[in-house]
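**Q** Numbering (this note's numbering), first residue to last: 435 to 727. Cβ coordinates follow ideal geometry from the N, Cα and C atoms, glycine included. Next up is a structure, given as C-alpha cells.
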C-alpha cells in the first residue's frame, strides 16, 4: 500500500488491522418494500434520510423520517431519479436524472416542490456531494476526452467548472470531508468494482491514495478523521472497513455473511446507515453506534 502526505510518497509494507466487530444483526430495518433501496443520504440535522428505490419500477426518491419511523415518497417521476444529496441548508435536495436523455444534476426545493437544473453546463453529471458551505458542489462528470467518468467541482458564485481528475480509469462517487478541504473517491476500470481510493484536496491534488484495499462506497466519519468503505479483500460478499485519512488504523468492522453497501454515519455521529443485500433486493438499516460501543 502507498499513500502521500503532502508531497511525500510513503510506502507501507504492511498494515496492522485493528479489528472491532460491528454487529449488523442488531440493526433497525427502515425500508420494508421489496426491490432495491439504496444510496441513503442524511439530512444535515440527522433527522431524515433520502434514498433511491425502484419499488415502483423506475428509480424514485423516498425519504425516511426518524421521529415518526415513517417512509414517504419525495420525488416520483416517469424518468429515473437517483443519488439524492442534501444541500447544506437542509431545505433542498440534489439528485441526478436521465430525464434529458443523459445523466444530469437537478435540485428539488422541499417547500415549493420545484425542480430546476443545479447549474447550466453541457456535461453528463451525477453523484453530487457538498462541503459545509453551499458555495461549491463536487460530482462525477463524464470526460469526453478520456471517455471516462472523472471528478469535477462547480463554484456557484463564479460559475466556474473545474475538472479535478484526468485518469484512464473511472473516478466516481466523490465524498467531501466535513472540513470541506478533502474529497475521497474511488478509481475503477469499470463502474462496478472497486480499485484504489484516493483522497484529494479541494483543488485536485492528491493527499493520499490507498491502492490495495479493493475499496468502494467511501464515506467520512463526522469528525473527518477517517474513511469508511466496503471491500471484498477478505470476503467476496464485501465487508465494512475504516481507515484514518493518514493511512493508519485500518480496521475491519464486520465479520458476517451479509453483503453490505454504502455506509454513511449521521452528522451527529449516533447512527450508521448501510444498505444490506439479500435474496429479494437491498434494504436500508440503521446501526445505533452508541449502543454498539
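Could you tell me which of 570, 664, 638 sits nearest to residue 598, measuring between CA atoms?
**A** Against the chain shown, residue 598 aligns to sequence position 164. It is 638.
**Q** Given a cut-off of 8 Å, decide if residue 516 and residue 544 are closer than it, judged by their beta-carbon atoms.
**A** By 1-based counting over the chain shown, the position of residue 544 is 110. By 1-based counting over the chain shown, the position of residue 516 is 82. The answer is no: Cβ separation not under 8 Å.
**Q** Which one of 534, 668, 674, 669 has the shortest CA to CA distance from residue 661?
**A** Taking the first residue of the chain shown as 1, we reach residue 661 at position 227. Answer by Cα proximity: 674.
**Q** For the alpha helix (DSSP H) containing residue 724, name the first residue and the last one.
**A** Indexing the chain shown from 1 puts residue 724 at position 290. That run of the alpha helix (DSSP H) goes 723-726.
**Q** With DSSP run on the structure shown, which of helix, strand or coil describes residue 549?
**A** Residue numbering aside, residue 549 sits at position 115 when the chain shown is read from its first letter. In the structure shown, residue 549 sits in a strand (DSSP, three-state: E or B).
**Q** What are the boundary residues of the beta strand (DSSP E) that includes residue 543?
**A** Walking along the chain shown from the start, residue 543 turns up at place 109. Note, residue 543: beta strand (DSSP E), 538-543.
**Q** How about residue 461 and residue 519: do their beta carbons lie closer than 8 Å?
**A** On the chain shown, residue 461 is found 27 positions in, with the first residue counted as 1. On the chain shown, residue 519 is found 85 positions in, with the first residue counted as 1. No, Cβ-Cβ distance for residue 461 and residue 519 is not below 8 Å.
**Q** CA-CA distance, residue 720 and residue 705?
**A** Along the chain shown, one-based indexing puts residue 720 at 286. Along the chain shown, one-based indexing puts residue 705 at 271. Those two C-alpha atoms are separated by around 6 Å.
**Q** So, do the segment 565-580 and the segment 595-613 have three or more beta carbon pairs nearer to each other than 8 Å?
**A** Touching, per the Cβ criterion.
**Q** Looking only at its chain, what residues have a beta carbon closer than 7 Å to the beta carbon of residue 514, apart from the 5 residues adjacent to it on each side?
**A** Mapped onto the chain shown, residue 514 falls at position 80. Only 492, 493, 531, 532 meet the Cβ criterion.
**Q** State the DSSP-derived secondary structure class of residue 458, mapped to helix, strand or coil.
**A** Here residue 458 corresponds to residue number 24 of the chain shown, with the count starting at 1. Three-state result, residue 458: helix.
**Q** Classify residue 677 as helix, strand or coil using the three-state DSSP reduction.
**A** In the chain shown, the residue the question calls residue 677 occupies position 243. If DSSP states are grouped into helix, strand and coil, residue 677 belongs with the strands.
**Q** For the segment 500-507 against the segment 536-554, do three or more pairs of beta-carbon atoms, one drawn from each stretch, fall closer than 8 Å, so that the two count as touching?
**A** Not touching, per the Cβ criterion.
**Q** Thinking just about the alpha-carbon of each residue, which of 581, 724, 710, 725 is nearest to the one in residue 470?
**A** Taking the first residue of the chain shown as position 1, residue 470 is located at position 36. The option with the nearest alpha carbon to residue 470 is 710.
**Q** Do you know how far the Cα of residue 652 is from the Cα of residue 472?
**A** Walking along the chain shown from the start, residue 472 turns up at place 38. Walking along the chain shown from the start, residue 652 turns up at place 218. When rounded, the distance between both Cα atoms is 14 Å.
**Q** Just how far apart, CA to CA, sit residue 683 and residue 468?
**A** As a first step, residue 683 is located in the chain shown; it is residue number 249 there, counting from the start. As a first step, residue 468 is located in the chain shown; it is residue number 34 there, counting from the start. In a straight line, the C-alpha of residue 683 is about 37 Å away from that of residue 468.
**Q** Rank 691, 680, 657 by C-alpha distance to the C-alpha of residue 700 and give the top, closest one.
**A** Residue 700 sits at position 266 when you count from the first residue of the chain shown. The residue with the shortest Cα to Cα distance from residue 700 is 657.
**Q** Please go through the same chain and pick out, in chain order, the residues whose beta-carbon is closer than 6 Å to the beta-carbon of residue 689, but skip the five residues on each side of it.
**A** Start at 1 with the first residue of the chain shown, and residue 689 comes out as number 255. So the qualifying residues of the chain are 455.
**Q** Measuring alpha carbon to alpha carbon, tell me which residue in 623, 552, 609 is nearest residue 590.
**A** Translated into the one-based positions of the chain shown, residue 590 becomes position 156. Nearest of 623, 552, 609 to residue 590, Cα basis: 552.
**Q** Per DSSP, what are the beta-bridge partners of residue 510 in this structure?
**A** Within the chain shown, residue 510 is the residue found at index 76, counting from 1. None, per the DSSP bridge assignment.
**Q** Counting along the chain, where does the beta strand (DSSP E) carrying residue 696 start and finish?
**A** Here residue 696 refers to the residue found at position 262 when the chain shown is read from its first residue. Looking at the DSSP string, the run of the beta strand (DSSP E) that includes residue 696 is 693-699.
**Q** For the segment 590-651, list the beta strand (DSSP E) runs that are entirely contained and at least 3 residues long, ordered along the chain.
**A** The qualifying runs are 594-597, 604-610, 616-622, 629-635.
**Q** Suppose contacts are defined by Cβ-Cβ distances below 8 Å. Is residue 632 in contact with residue 664 by that definition?
**A** On the chain shown, residue 632 is found 198 positions in, with the first residue counted as 1. On the chain shown, residue 664 is found 230 positions in, with the first residue counted as 1. For residue 632 and residue 664, no; Cβs fall outside 8 Å.
**Q** Using the C-alpha atoms, what's the distance from residue 646 back to residue 411?
**A** Residue 411 falls outside the range modelled here, since the chain spans only 435 to 727, and no answer is possible.
**Q** Note down the Cα distance separating residue 643 from residue 583, rounded to an integer number of angstroms.
**A** Working through the chain shown from its first residue, we reach residue 643 at position 209. Working through the chain shown from its first residue, we reach residue 583 at position 149. Each residue's alpha carbon lies about 18 Å from the other.
**Q** Rounded to a whole number of angstroms, what is the C-alpha to C-alpha distance between residue 485 and residue 510?
**A** Here residue 485 refers to the residue found at position 51 when the chain shown is read from its first residue. Here residue 510 refers to the residue found at position 76 when the chain shown is read from its first residue. Rounded to the nearest angstrom, the two C-alpha atoms are 12 Å apart.
**Q** Since residue 521 contacts residue 564 with CB under 8 Å, what's their CB separation in whole angstroms?
**A** Here residue 521 corresponds to residue number 87 of the chain shown, with the count starting at 1. Here residue 564 corresponds to residue number 130 of the chain shown, with the count starting at 1. Right, the Cβ-Cβ distance comes to about 7 Å (below 8 Å), so this counts as a contact.
**Q** Measuring straight from C-alpha to C-alpha, what distance separates residue 654 and residue 641?
**A** Residue 654 sits at position 220 when you count from the first residue of the chain shown. Residue 641 sits at position 207 when you count from the first residue of the chain shown. If I take the Cα positions, the gap works out to 15 Å.
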